[in-house]
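Chemist:
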Amino acid sequence: MSKVLGIIGAGKVGTAIGRLATDSGWQVLFYDVAPVDQVAGATLAEGSSDATFVSLPELLNAADIVLLAVPFGAASHADLSALSGKVVLDPTNHWPYVDGPMPELDAWPDSTSALLAAHNPKMRLVKSLNHFSYHDFTSDARSGDVSPRRAMAVASDDADARTIVSEFVDDIGFDPVPVPFDRAKLLEPEGPVFGHWLDASGMREALLLS
Ligand SMILES: NC(=O)c1ccc[n+]([C@@H]2O[C@H](COP(=O)([O-])OP(=O)(O)OC[C@H]3O[C@@H](n4cnc5c(N)ncnc54)[C@H](OP(=O)(O)O)[C@@H]3O)[C@@H](O)[C@H]2O)c1
Numbered sequence: 023m024s025k026v027l028g029i030i031g032a033g034k035v036g037t038a039i040g041r042l043a044t045d046s047g048w049q050v051l052f053y054d055v056a057p058v059d060q061v062a063g064a065t066l067a068e069g070s071s072d073a074t075f076v077s078l079p080e081l082l083n084a085a086d087i088v089l090l091a092v093p094f095g096a097a098s099h100a101d102l103s104a105l106s107g108k109v110v111l112d113p114t115n116h117w118p119y120v121d122g123p124m125p126e127l128d129a130w131p132d133s134t135s136a137l138l139a140a141h142n143p144k145m146r147l148v149k150s151l152n153h154f155s156y157h158d159f160t161s162d163a164r165s166g167d168v169s170p171r172r173a174m175a176v177a178s179d180d181a182d183a184r185t186i187v188s189e190f191v192d193d194i195g196f197d198p199v200p201v202p203f204d205r206a207k208l209l210e211p212e213g214p215v216f217g218h219w220l221d222a223s224g225m226r227e228a229l230l231l232s
């Protein structure tokens, strides 16, 4: 695999992950609706030959993984049809003070990621990265020979997509813990793993995985 990460949204999470990705040998392509000089990712792109801003079609054409590093409200109101067939990494959390009223969630029994999946079932959607703060990405990343490492849940029912994202998570410094997609709700704010430092066995225990 060519190891190209396309990051939609060059804000706090997009930039923190982009930096870890370039440090571990990935090429990073950013796209943002905001002007390039007004987003955090600009600093990374200026300082690294492995990070650059491109158009959305260029990003979608080249990326092995597309990271949706935008507010959940923006993701759920966007036209996701161009993401069909792509491995899409969803780190989003619903924060009412950011997203505003979202009546579609009132009676929604499943995870917010499942709501995105319902908008385009042809995306190869993987929920991950959402249960850390963006500061944790920088402070807690460790190479694979360090034990214990902080664990990162990787939730999807697409086995190949889950493997691709798990390898990425390992590359950037965390222990991937594969999780069925129906556990994605447990990764959300107020769930048992959100904001907690857990190693892989603690993560499996918290998510009731055998
Ligand atoms: N911050 C954290 O610690 C953290 C941790 C884990 C997960 N998350 C989740 O990660 C996502 C990103 O959070 P963040 O803190 O990085 O947000 P952020 O700093 O506000 O960055 C989001 C960026 O996405 C841009 N954007 C919005 N809609 C877009 C669209 N349709 N296409 C392209 N770009 C778009 C925004 O531009 P404008 O500002 O111009 O709208 C902004 O530059 C959120 O869903 C959040 O819940 C955040």
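Be aware that the sequence shown starts at 23, since it is given in my numbering, and climbs by one per residue. Note that CB positions come from ideal geometry on N, CA and C, so glycine has one too.
Quick one: using the 10 Å Cβ neighbour count with 16 as the cut-off for buried, is Arg171 buried or exposed?
Modeler: Position 149 of the sequence shown, counted from the first residue, corresponds to residue 171. Looking at its Cβ environment, which holds 16 or more other Cβ atoms inside 10 Å, Arg171 is buried.
Chemist: Might you give, ordered along the chain, the residues of its own chain that have their beta carbon closer than 6 Å to the beta carbon of Asp162, omitting 5 neighbours on each side?
Modeler: The count along the sequence shown starts at 1 and reaches residue 162 at position 140. Excluding residues within five positions, the ones whose Cβ falls inside 6 Å are Arg172.
Chemist: Can you tell me which residues form a DSSP beta bridge with Gln49?
Modeler: Position 27 of the sequence shown, counted from the first residue, corresponds to residue 49. Bridge partners of Gln49: Val26.
Chemist: Does the region 209-216 touch the region 181-197, meaning 3 or more C-beta pairs lie closer than 8 Å?
Modeler: With a cut-off of 8 Å, the region 209-216 and the region 181-197 do not count as touching, because too few Cβ pairs lie within range.
Chemist: Go to Asp197, then tell me how far its beta strand (DSSP E) extends in each direction, as first and last residue.
Modeler: In the sequence shown, the residue the question calls residue 197 occupies position 175. Here the beta strand (DSSP E) through Asp197 covers 197-201.
Chemist: Rounding to the nearest angstrom, what Cα-Cα distance links Ser103 and Gly195 in this structure?
Modeler: Position 81 of the sequence shown holds residue 103. Position 173 of the sequence shown holds residue 195. So the two alpha carbons sit approximately 31 Å from each other.
Chemist: Starting from the N-terminal side, write out each stretch of the alpha helix (DSSP H) that is 4 residues or longer and does not extend beyond the region 121-182.
Modeler: Here the runs fully enclosed are 134-141, 156-162.
Chemist: Mapping DSSP to helix, strand and coil, what is Ser94?
Modeler: On the sequence shown, position 72 is the one that residue 94 refers to. Here residue 94 is Phe; the residue named in the question, Ser, does not match the sequence. Helix.
Chemist: Should Lys149 be labelled buried (16 or more other beta-carbon atoms within 10 Å of its own) or exposed?
Modeler: As a first step, residue 149 must be located in the sequence shown, where it is residue number 127. So Lys149 counts as buried.
Chemist: Considering Cα atoms alone, identify which of Arg164, Ser169, Ser155, Pro143 is closest to Ser178.
Modeler: Within the sequence shown, numbered from 1, the residue matching residue 178 stands at position 156. Nearest of Arg164, Ser169, Ser155, Pro143 to Ser178, Cα basis: Pro143.
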